[in-house]
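S.K.: In the order they appear, the protein sequences are chains A and B.
Going by the working numbering, the first sequence opens with residue 1, and the numbers climb by one from there.
Going by the working numbering, the second sequence opens with residue 1001, and the numbers climb by one from there.
Where is the CB? At the ideal position from N, CA and C, for every residue including glycine.
This structure is a prediction, so every number in the text was calculated from the model and none was measured.
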Amino acid sequence: MTVVQLLVGTPKGAFILDGDAGRRDWSMRGPLCEGWPIHDLIVEPSSGAILAAGGSPWYGPAVWRSEDGGATWSHSSEGLTYGEGEGVTPIATIWSLATGPDGTVYAGVEPAGLFRSADGGRTWSHVEGLTNHPTRPTWGPGAGGLILHTIVPHPTDPQRMWVGISAVGVFETRDGGTTWEPRNKGVRADFVPGPAPETGQCVHKFAMAAGEPETLYQQNHCGQYRSTDGGATWTDLSKNGVPSQFGFPLVAHPRDPKTFWVIPLTQPEEGRFMPEASAAVWRTRDRGETFDRGDDGLPQEDAYLSVLREAMARDTLDPVGVTFGTKTGQLWHSADEGDSWQLLTGNLPEIWAVEAVVRD
Amino acid sequence: MATVLLPRSLLALFPGVERRHEVEGATVDQVLSALDARAPGMRDRLVEEGPRLRPHINVFVDGQPADLTTQVEPASTVHVIPAVSGG
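#1: Does chain A have any CB closer than 8 Å to the CB of Ser1076 (chain B)?
#2: Note down, in chain order, all residues in the region 274-285 of chain A with a beta-carbon under 7 Å from any beta-carbon belonging to chain B.
#3: Tell me which same chain residues have a C-beta within less than 7 Å of the C-beta of Leu1032 (chain B), skipping the five on either side of it?
#4: Starting from Glu1048 (chain B), find everything on chain A with Cβ-Cβ shorter than 7 Å and list it in chain order.
#5: Buried or exposed for Thr199 (chain A), please, with buried defined as at least 16 other CB atoms from any protein chain shown within 10 angstroms of its CB.
#6: Does Asn347 (chain A) pass the burial test, meaning 16 or more other C-beta atoms within 10 Å, or should it be called exposed?
#7: Mind pulling the chain A residues with CB within less than 8 Å of Ala1012 (chain B)?
#8: Output yes if chain A places a C-beta closer than 8 Å to the C-beta of Pro1089 (chain B); else output no.
#9: Residue range of the alpha helix (DSSP H) that Arg1045 (chain B) falls in?
#10: If you reduce the DSSP assignment to three classes, tell me which class Val170 (chain A) lands in.
#11: Let me confirm a value: Ala118 (chain A) is counted as buried when at least 16 other C-beta atoms fall within 10 Å, else exposed. Which label applies?
#12: Drop a sphere of 10 angstroms on the beta-carbon of Pro37 (chain A), count the other beta-carbons inside from all chains shown, and report buried for 16 or more, exposed for fewer.
#13: Quick one: residues in its chain with C-beta nearer than 7 Å to the C-beta of Arg1054 (chain B), no 5 flanking neighbours on either side, listed in chain order?
#14: Along the region 77-101 of chain A, where does the CB come closer than 9 Å to a CB of chain B? Name the residues.
#15: Is the separation between the beta-carbon of Arg116 (chain A) and that of Ser125 (chain A) shorter than 8 Å?
#16: Could you name the residues that DSSP lists as bridge partners for Thr323 (chain A)?
#17: By a C-beta neighbour count over all protein chains shown, 10 Å radius and 16 as the cutoff for buried, is Gly108 (chain A) buried or exposed?
#18: Would you say His133 (chain A) faces chain B, with C-beta separation under 8 Å as the test?
#19: Rounded to the nearest angstrom, how far is the Cβ of Ser96 (chain A) from that of Thr150 (chain A), given a contact under 8 Å?
#20: List, from N- to C-terminal side, the beta strand (DSSP E) runs of 3 residues or more that fit wholly inside the region 223-259 of chain A.
#21: Whole angstroms is fine: what's the gap from Pro182 (chain A)'s alpha carbon to Pro61 (chain A)'s?
#22: Could you tell me whether the Cβ of His149 (chain A) comes closer than 8 Å to any Cβ of chain B?
#23: List the residues of chain A that Arg1045 (chain B) touches, going by C-beta distances under 7 Å, in chain order.
#24: Give me the Cα-Cα distance between Leu1067 (chain B) and Val1059 (chain B), rounded to the nearest whole angstrom.
#25: What's the C-alpha gap between Gly230 (chain A) and Phe171 (chain A)?
#26: Please identify, using Cβ separations under 9 Å, the residues of the region 1024-1042 of chain B that lie next to chain A, in order along the chain.
Below, the structure is given as structure tokens:
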């Protein structure tokens, strides 16, 4: 029987909502991971195990792993370190997880760096090539810290991968992490004077188009963008009907390379909530040339909602289910690709991460 | 052997591990390594890069605030206590 799981990360633990294939009836479990702050959750494709990334203010960073659908968990941070010594900055927390086509698990951490695991997150090794990039001394934090928050592996080539770092930008490796190149041409950095630099862009989230590894869509601090050459150059889409250039999450359709969703927010100086306090998710069906506003079921007055970079996800059913969580603890779901929305639960802690999983 | 008392929130991360331990060790550092042998990964939860105690982990030896270098006697009692933090 097909079931859908929504994996939710918050500063007070992970939660899981179990739903039916129709995505009408849901039940919630949690808090999981002993109430640890959880920034990201994924499912390991080869095993179905849930991995959760986080860090405790007391007990440090760790990746949690559950092999029974979230009932019991283990955790590890073995090897998740930049080394020993007085000058070494401790890793504060883990912000992102992804799996490559060869089963390698990747973790992005704060302060920004990348780690890999060949054993499902039990032990880790540092991807030193990124940390050793010549621009590393110039890297500066965004409002959320100096964080590696997005990992997009190539779907078939384990040597290729893109990562996003705030406020540094997108990098790509084509040799399995040994060397990296900035991929920020065409992306504005309105918060510094003069022409856009090679790095220093405030990428918020990016995703790959289904079946088109060279097509990437990006939500940046300074607009929405599309690349059709693997990130080498980017085209600004923010004049195409969205009400704000600013926003955090971006989610790509699992089968249609032309479709993705964003949630524009007012500028940071204006509060970072949905424009005019009227809630909406914006969808494009033509690669970002035009966007449609989806608001059926969402509050249209006095809705001072904000959605963080990892807090929107889609499932793989047809039609695709889309879910987003707010900083004020509401979890909204659409079972029809964003046409209409229902509130699943309204009293969670601040929602940092959402992932949707279909299990048969 | 020194007596070590661990906090409940740490025990929750290591199912089956007891709160009270009798371990060998001449320093807090050695005591925590001895604990790690019984509960692999426990040292990582208490010690960060440096190495030093994590900022919100307090250790007391015979009631006195301690760090990794503090001496531990065979008759000592070592308390590991999470600091006041969180929100």
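M.R.: Reading it off the structure:
#1: no
#2: Those would be none; no residue qualifies.
#3: Arg1043, Leu1046 and Val1047
#4: Gly60 and Pro90
#5: buried
#6: exposed
#7: Glu34
#8: There is simply no residue 1089 (chain B) to check, as chain B begins at 1001 and stops at 1087 in what is shown.
#9: Met1042 to Leu1046
#10: strand
#11: exposed
#12: buried
#13: Leu1046, Val1047 and Glu1048
#14: Ser77, Glu78, Leu80, Thr81, Tyr82, Gly83, Glu84, Gly85, Glu86, Val88, Thr89, Pro90 and Ile91
#15: yes
#16: Beta-bridge pairing links Thr323 (chain A) to A:Ala313 and A:His333.
#17: buried
#18: no
#19: 6 Å
#20: Segments of the beta strand (DSSP E) lying fully in the region 223-259 of chain A: 223-227 and 247-252.
#21: 27 Å
#22: No, because no Cβ of chain B sits closer than 8 Å to the Cβ of His149 (chain A).
#23: Tyr59 and Gly60
#24: It is Asp, not Leu, that sits at residue 1067 (chain B) in the sequence shown. For Asp1067 (chain B) and Val1059 (chain B), the distance between alpha carbons rounds to 7 Å.
#25: 10 Å
#26: Taking 9 Å as the upper bound on Cβ-Cβ separation, chain A lies near residues Pro1040 and Gly1041 of the region 1024-1042 of chain B.
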